[in-house]
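Undergrad:
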Amino acid sequence: MFDTLSDRLNGIFTKLRGKGRLTDADIDATAREIRLALLEADVALPVVKAFIASIKERARGAEVHGALNPAQQVIKIVHEELVAVLGGETRRLQFAKQPPTVIMLAGLQGSGKTTLAGKLARWLKAQGHQPLLVAADLQRPNAVNQLQVLGQRAGVEVYAPEPGNGVGDPVRVANDSIDHARRSMRDIVIVDTAGRLGIDAEMMAQAAAIRDAVSPDETIFVIDAMVGQDAVATAEAFRDGVGITGVVLSKLDGDARGGAALSVRYVTGQAILFASTGEKLEDFDVFHPDRMASRILG
Ligand code: GDP
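Just so you know, the sequence shown maps onto residues 25 to 322 in my numbering.
(1) What does the Cβ neighbour count give for arginine 235, buried or exposed, with the cut at 16 atoms within 10 Å?
(2) Starting from the Cα of leucine 309, find the closest Cα among Arg315, Ala317, Ser300, Met316 and give me that residue.
(3) Using the Cα positions of proline 155 and glycine 85, report the straight-line distance between them to the nearest angstrom.
(4) Can you tell me whether lysine 275 is buried or exposed, with buried defined as 16 or more other CB within 10 angstroms of its CB?
(5) According to DSSP, is threonine 139 part of a helix, a strand, or is it coil?
(6) Under a three-way DSSP split, which group does glycine 190 fall into?
(7) What residue range is occupied by the uninterrupted beta strand (DSSP E) comprising isoleucine 244?
(8) If you drop the 5 nearest sequence neighbours on each side, which residues of the same chain put their C-beta closer than 6 angstroms to that of glutamine 133?
(9) Across the stretch 36–54 and the stretch 93–102, are there enough close Cβ pairs to call them in contact, namely three or more that are closer than 8 angstroms?
(10) In angstroms, rounded to a whole number, what distance separates the CA positions of alanine 61 and asparagine 34?
(11) So, valine 213 versus valine 246, is the Cβ gap smaller than 8 angstroms?
(12) Compute the Euclidean distance between the alpha carbons of glycine 190 and aspartate 241, then round it to the nearest angstrom.
(13) Got a sec: does the ligand GDP put a non-hydrogen atom nearer than 7 angstroms to the Cβ of threonine 243?
(14) Counting pairs of Cβ atoms below 8 angstroms between the stretch 154–169 and the stretch 283–298, do you hit three or more?
As structure tokens, this is what we get:
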């Protein structure tokens with residue numbers, strides 16, 4: 025991920041090396057090249073615009089420090105702006121004052137929700153929590169089974185509809201799971217929900233109904249970092265249709281251009297909480313904006 029963008033940005037910075045002082049024309053030319061590099065990486069236009077405006081303003085206003093040459097100064101500014109666009113500080117999960125904490129996962133089919141549910145459960149268990157996984161994705165024939173396999177691997181119980189009891193009604197399953205969590209002293213409930221291949225009113229209504237049934241402390245939008253420009257419309261639809269409190273980027277191990285990763289924070293207004301980097305349960309970590317920015321700049 026980000027390989028092309030990294031190469032492009034480094035090429036731009038190389039051109040600045042050896043320059044004694046940057047003129048306004050140098051800054052404009054550099055900003056234009058950065059703009060193109062971001063657009064080619066599929067970063068959403070409003071994000072690119074805000075990013076470039078900020079870089080120009082800061083580069084023009086930058087004092088000439090003894091310690092940093094102009095190229096280093098531009099790199100520093102771009103790094104700081106990348107950190108900002110990725111959310112600034114690392115944001116931790118919010119826990120309920122009164123357990124159980126309810127975490128609902130939402131996103132398109134194939135975005136990596138069910139896999140993430142297993143990863144989160146494993147990660148939370150390792151920190152001493154007692155999570156419960158809830159199979160409220162009853163749309164995809166194999167989703168319940170997939171979650172049960174992941175739950176077994178993570179050593180975490182999975183609450184799934186009993187045959188003949190609420191089968192086909194994900195809202196009821198989600199609702200009943202909270203009572204089950206209370207009775208069995210689980211302090212975190214992770215609710216996997218159904219997605220579809222595209223944005224769909226029925227899916228959104230179902231996700232909203234599950235949300236109303238479980239009153240989540242976190243509603244996490246899972247987005248496949250491999251998707252390009254579609255990311256913005258999808259993120260906006262989930263923001264408006266379900267209301268999200270955080271984002272997880274999945275498939276960051278892929279070799280996509282990375283635009284979705286760089287746009288989603290700006291578009292949703294919500295922090296990126298975790299990064300998913302593979303199919304295995306351990307391919308998962310807390311998202312750190314500064315580390316990601318450093319990775320992009322190589
Ligand atoms: P859901 O439909 O949103 O529940 O998506 P799934 O969790 O079933 O994931 C869809 C596919 O993507 C599966 O084949 C997963 O193994 C795969 N997958 C999920 N997360 C990642 C990831 O971070 N990296 C890679 N390479 N594959 C992933």
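For every residue, glycine included, the Cβ atom is placed at its ideal position computed from N, Cα and C.
Just so it is clear, the structure is predicted and the values come from calculations on it, not from any experiment.
TA: Inspection of the coordinates gives the following:
(1) Label assigned to arginine 235: buried.
(2) The amino acid occupying residue 309 in the given sequence is aspartate; leucine does not appear at that position. The shortest CA-to-CA distance from aspartate 309 to any of Arg315, Ala317, Ser300, Met316 is the one to Ser300.
(3) Roughly 50 angstroms separates the two Cα atoms.
(4) In summary, lysine 275 is buried, with 16 or more beta-carbon neighbours lying within 10 Å of its beta-carbon over all protein chains present.
(5) Threonine 139: helix per DSSP, three-state reduction.
(6) For glycine 190, the pLDDT reaches just 49, beneath the cut-off of 50, and the residue's location in the model is therefore unreliable, leaving the point undetermined.
(7) Where isoleucine 244 is concerned, the enclosing beta strand (DSSP E) starts and stops at 242–248.
(8) Once the five neighbours on either side are set aside, the close Cβ partners of glutamine 133 are Gly219, Arg220, Leu221.
(9) Remark: three or more beta-carbon pairs, one from each stretch, lie closer than 8 angstroms, so the stretch 36–54 and the stretch 93–102 are flagged as touching.
(10) When rounded, the distance between both Cα atoms is 11 angstroms.
(11) No, they are not a contact pair.
(12) Note that glycine 190 has pLDDT 49, beneath the 50 cutoff, so the model's placement of it is unreliable and the number below is only indicative. Our two residues, glycine 190 and aspartate 241, have alpha carbons roughly 24 angstroms apart in a direct line.
(13) Every heavy atom of the ligand GDP is 7 angstroms or more from the Cβ of threonine 243, so no.
(14) In short, these stretches do not touch, since the Cβ pair count stays below three.
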